[in-house]
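*Asks:* Right, I'll just put the structure down here and ask away after.
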Amino acid sequence: MADRFFPNEMPDYIPETQSLESAEVAASDSLTKLLHLPIRTLCQGLTKEALHIKETIVNETWIAKRKRVDDFTLYTGSLGTAFLLFKAYQVTKDRNDLALCSDIIKACDSASRGSSRVTFICGVAGVCALGAVVAKHIGDEHLCQRYLTQFKQIKFPKDLPNEILYGRAGFLWACSFLNKNIGEGTISTTRMRTVTDEIIKSGRKLAKGLCPLMYEWHGKKYWGAAHGLAGIMYILMDMDLKADEVEDVKGTLRYMIKSCFPSGNYPSSERSESDRLVHWCHGAPGIALTLVKAAKVFGGEEFLQAAITAGEVVWNRGLLKRVGICHGISGNTYVFLSLYQLTGDPKFLYRAKAFACFLHDKAQTSISEGIIHGGDRPHSLFEGIGGMAHLFLDMNDPSQAKFPGYEL
Ligand SMILES: [Zn+2]
Numbered sequence: 011m012a013d014r015f016f017p018n019e020m021p022d023y024i025p026e027t028q029s030l031e032s033a034e035v036a037a038s039d040s041l042t043k044l045l046h047l048p049i050r051t052l053c054q055g056l057t058k059e060a061l062h063i064k065e066t067i068v069n070e071t072w073i074a075k076r077k078r079v080d081d082f083t084l085y086t087g088s089l090g091t092a093f094l095l096f097k098a099y100q101v102t103k104d105r106n107d108l109a110l111c112s113d114i115i116k117a118c119d120s121a122s123r124g125s126s127r128v129t130f131i132c133g134v135a136g137v138c139a140l141g142a143v144v145a146k147h148i149g150d151e152h153l154c155q156r157y158l159t160q161f162k163q164i165k166f167p168k169d170l171p172n173e174i175l176y177g178r179a180g181f182l183w184a185c186s187f188l189n190k191n192i193g194e195g196t197i198s199t200t201r202m203r204t205v206t207d208e209i210i211k212s213g214r215k216l217a218k219g220l221c222p223l224m225y226e227w228h229g230k231k232y233w234g235a236a237h238g239l240a241g242i243m244y245i246l247m248d249m250d251l252k253a254d255e256v257e258d259v260k261g262t263l264r265y266m267i268k269s270c271f272p273s274g275n276y277p278s279s280e281r282s283e284s285d286r287l288v289h290w291c292h293g294a295p296g297i298a299l300t301l302v303k304a305a306k307v308f309g310g311e312e313f314l315q316a317a318i319t320a321g322e323v324v325w326n327r328g329l330l331k332r333v334g335i336c337h338g339i340s341g342n343t344y345v346f347l348s349l350y351q352l353t354g355d356p357k358f359l360y361r362a363k364a365f366a367c368f369l370h371d372k373a374q375t376s377i378s379e380g381i382i383h384g385g386d387r388p389h390s391l392f393e394g395i396g397g398m399a400h401l402f403l404d405m406n407d408p409s410q411a412k413f414p415g416y417e418l
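Mapped onto our numbering, the consecutive letters of the sequence shown carry residue numbers 11 to 418.
Written out as C-alpha cells, the structure reads:
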C-alpha cells in the first residue's frame, strides 16, 4: 500500500514565522525551509512556478498543436488549459491570459460540436459555461449570450448516468457555476429542478432500503466524488431541495460515515473491502470535501467531525506519487483548504501549505526522475501539472480556493 504514497514525515503543525531570516535559522533542508516561510513569501515562489508551468502548458497543448484541439475536455484536454489561464488572469489581472483563454474556448467549442457529453468536467456544458463566464469578463455580451443559448440547447442522451464526470450531476454543476458567475436565474430553477427530480428518482429506485439514495456507473455502486455518491450528494446540496430530499441526502451521508473503514478512509464502491485509494475521485479526499459542504449547509457537529476525520486520512496517506487534482497531491491539498475555510483553524492552512511546499520542493524533479508519475496526460488540469499550477495560484487566497469543477 505504501508504494502509492510517500510517508508524511512533515511536522503536524508549524506556526508561521514572520521573516525569511527566522525560516533560514529553523531550516535544515529545502523543504523544512519552505515550511517555515511566511505564507506571503511562499506564495510569491508558488505563483512564479505556476506561471512558468502555465507557459509550458500553453506551449505544449496549444502552440505545439498549432491551435488544434483533439481533446476539448476540462479533465484531460484544452478546456483545462483555458481554465488555468482564467485562474492566472484572476490572480495577476493579465488580460493577455484572458484573451488567450477565450481563443482556446472557441477552439474547444468547435471541437465539441456533436458531442453527446453534457457535463462541466467532460462535456459541452463545460465549454459553454466557461465560455459565457470568460466572455462576460472580456465584456463581449454577444459572445456571452451565444454560449448561454448553446448551453440552454444541450440535450440529454438516453441512459444518462447521474455522476459528476459524465452524468446529470455534472450538468447541474455547470448550471450552478453559471448562476454564481453570471447571475442568479441565468439557468432557470425549473430546468435545474427537472434534472434534480431525475437524480432523486433514480437514486431512490436503486437504493432499495440500503440507504436513502444509491447510484450506479458502469454497473458499480461508486462512493467517490468522480463517479459516485460523494459527487452527487455535493451537487444535490447546492440545489433547492424539498424537506424529504434533504433528509435523503443527510441519510445517505450518514450511511457512508457509518460504513467507513477503521482507518477512516472510505471504500471506492459499495461493499468494497479494499482500503487503498486516497484520491479525490475515489476515497476520503472527495468525500471530505462533500462532508465540509454538508457541515456548511446543514450545520451541527456530525458532518464537521466526519470531515475532520477524513482530513486526517488525507494528511497521513495523501502524499500520492502523482501530482494532479483527480488522483494526486494537488487535489488532496484542497481538502485542507476546504477544512480551513470551514473552521478557520490555522492547522489546516499549515497542512495545505505543507502539501503545496512538498510539491514546490519535489514535484518537477521527482517527475523527471520517475519517482512521481507525471500523469497519462502530463499537461492536463485533472491528471497533470495543470492542476498543480491551479493549486499554487489558489494558495494566494486560501479563503477563496476552490477545487475546480467541484467546489463552488
Ligand atoms: Zn482520479
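Every residue gets a Cβ at the ideal spot worked out from N, C-alpha and C, and that includes glycine.
1. Are the region 300 to 315 and the region 360 to 368 touching by the rule of at least three beta carbon pairs closer than 8 Å?
2. Could you tell me the alpha carbon to alpha carbon distance between residue 97 and residue 400, rounded to whole angstroms?
3. Where do the ends of the alpha helix (DSSP H) carrying residue 160 lie?
4. How big is the Cα-Cα spacing for residue 152 and residue 212?
5. State buried or exposed for residue 11, treating a residue as buried only when at least 16 other CB atoms are found within 10 Å of its CB.
6. Could you tell me the boundaries of the alpha helix (DSSP H) in which residue 92 lies?
7. Who are the Cβ neighbours of residue 139 in its own chain at under 7 Å, not counting the five residues just before and after it?
8. Evaluate the contact criterion for the region 389 to 398 versus the region 79 to 92: three or more CB pairs, one atom per stretch, below 8 Å.
9. In terms of alpha-carbon separation, which member of 198, 52 and 91 lies closest to residue 414?
10. Measuring alpha carbon to alpha carbon, tell me which residue in 193, 285, 132 and 409 is nearest residue 155.
11. Could you work out which residue in 371, 225 and 257 is closest to residue 39 when comparing CA atoms only?
12. Mark residue 172 as exposed unless 16 or more other C-beta atoms lie within 10 angstroms of its C-beta, in which case mark it buried.
13. Once you ignore the five residues that flank residue 121 on each side, which residues in its own chain have a CB closer than 7 Å to its CB?
14. With DSSP as the reference, identify every bridge partner of residue 383, one or two as the case may be.
15. For the candidate residues 164, 46 and 101, whose alpha-carbon lies nearest to that of residue 64?
16. Shorter than 7 Å, the distance from the beta carbon of residue 62 to the closest heavy atom of ligand 1, or not?
17. Pull up the distance between the alpha-carbon of residue 272 and that of residue 295, whole angstroms please.
18. So is residue 228 buried or exposed if we call it buried at 16+ other beta carbons inside 10 Å?
19. Only counting the same chain, and skipping five residues up and downstream in sequence, which positions put a Cβ closer than 7 Å to that of residue 305?
20. Where does the unbroken alpha helix (DSSP H) through residue 337 begin, and where does it stop?
21. Among the residues of its own chain, which have a CB less than 7 Å from the CB of residue 26, if the five just before and after it don't count?
22. Which same chain residues end up closer than 7 Å to residue 77 when comparing Cβ atoms and leaving out the 5 residues on each side of it in sequence?
23. With a CB to CB cut of under 6 Å and the five nearest residues on each side skipped, what residues in its chain are close to residue 300?
24. Name the residue from 348, 104 and 326 whose alpha carbon lies nearest to the alpha carbon of residue 404.
25. Please go through the same chain and pick out, in chain order, the residues whose beta-carbon is closer than 7 Å to the beta-carbon of residue 208, but skip the five residues on each side of it.
26. For residue 344, collect the residues of the same chain with a Cβ closer than 6 Å to its Cβ; drop the 5 residues on either side in sequence, then sort them by chain order.
27. Is it the case that the Cβ atoms of residue 279 and residue 293 are separated by a distance below 8 Å?
28. Closest by CA to residue 251, which one among 210, 103, 286 and 72?
29. If we call anything under 8 Å between Cβ atoms a contact, is residue 14 one with residue 369?
30. Is the distance from the Cβ of residue 147 to the Cβ of residue 108 below 8 Å?
31. Which ranges would you report for the alpha helix (DSSP H) in the region 207 to 295 if only whole runs of at least 4 residues count?
32. Under a three-way DSSP split, which group does residue 130 fall into?
33. State the Cα-Cα distance for the pair residue 308 and residue 408, rounded to the nearest angstrom.
34. Helix, strand or coil for residue 392? Go by DSSP, reduced to three states.
35. In terms of residues, what are the limits of the alpha helix (DSSP H) holding residue 179?
36. Just checking residue 367 against ligand 1 - is the residue's beta carbon closer than 7 Å to any of the ligand's heavy atoms?
*Replies:* Judging by the given coordinates:
1. At 8 Å Cβ cutoff, the stretches do not touch.
2. Using only the alpha carbons, I get a separation of about 7 Å.
3. Looking at the DSSP string, the run of the alpha helix (DSSP H) that includes residue 160 is 151 to 162.
4. Straight-line measurement puts the Cα of residue 212 at about 38 Å from the Cα of residue 152.
5. Residue confidence for residue 11 is low, a pLDDT of 47 falling below 50, so the modelled location carries little weight and cannot support an answer.
6. Where residue 92 is concerned, the enclosing alpha helix (DSSP H) starts and stops at 88 to 102.
7. 130, 161, 184, 187 and 188.
8. With a cut-off of 8 Å on Cβ pairs, the region 389 to 398 is in contact with the region 79 to 92, counting three or more such pairs.
9. The residue with the shortest Cα to Cα distance from residue 414 is 91.
10. A check of alpha carbon separations from residue 155 across 193, 285, 132 and 409 identifies 193 as the nearest.
11. When each option's Cα is compared against that of residue 39, the closest is 371.
12. If you draw a 10 Å sphere on the C-beta of residue 172, you find 16 or more other C-beta atoms in it, and that means buried.
13. Taken in chain order, the residues that qualify are 79 and 82.
14. Within the DSSP bridge table, the entry for residue 383 names 332 as partners.
15. For residue 64, the closest alpha carbon among the candidates 164, 46 and 101 is that of 101.
16. No; taking the cut-off as 7 Å, the Cβ of residue 62 has no heavy atom of ligand 1 nearer than that.
17. Taken atom to atom, the span from the alpha-carbon of residue 272 to that of residue 295 is near 16 Å.
18. Answer is exposed; the Cβ neighbour count stays below 16.
19. Correct list, in chain order: 313, 314, 317 and 352.
20. First-last for residue 337: undefined, no H or E at that position.
21. So the qualifying residues of the chain are 48 and 49.
22. Answer for residue 77: 117, listed in chain order.
23. Contacts found: 240, 243 and 244.
24. Closest by alpha carbon: 348.
25. Hits under 7 Å: 178.
26. Cβ neighbours of residue 344 beyond the five flanking positions: 413.
27. Residue 293 sits away from residue 279, with the two beta carbons spaced by 8 Å or more.
28. Looking only at 210, 103, 286 and 72, the smallest Cα-Cα distance to residue 251 is reached by 210.
29. Taking 8 Å as the Cβ cut-off, residue 14 and residue 369 do not qualify as a contacting pair.
30. Against a cut-off of 8 Å, the Cβ pair of residue 108 and residue 147 comes out as a contact.
31. Fully enclosed alpha helix (DSSP H) runs of 4 or longer: 239 to 247 and 253 to 268.
32. Reduced to three states, the DSSP call for residue 130 is coil.
33. For residue 308 and residue 408, the distance between alpha carbons rounds to 23 Å.
34. Residue 392 carries a coil assignment under DSSP once its states are collapsed to helix, strand and coil.
35. Bounds of the alpha helix (DSSP H) holding residue 179 are 178 to 191.
36. Distances from the CB of residue 367 to the heavy atoms of ligand 1 are all 7 Å or more.
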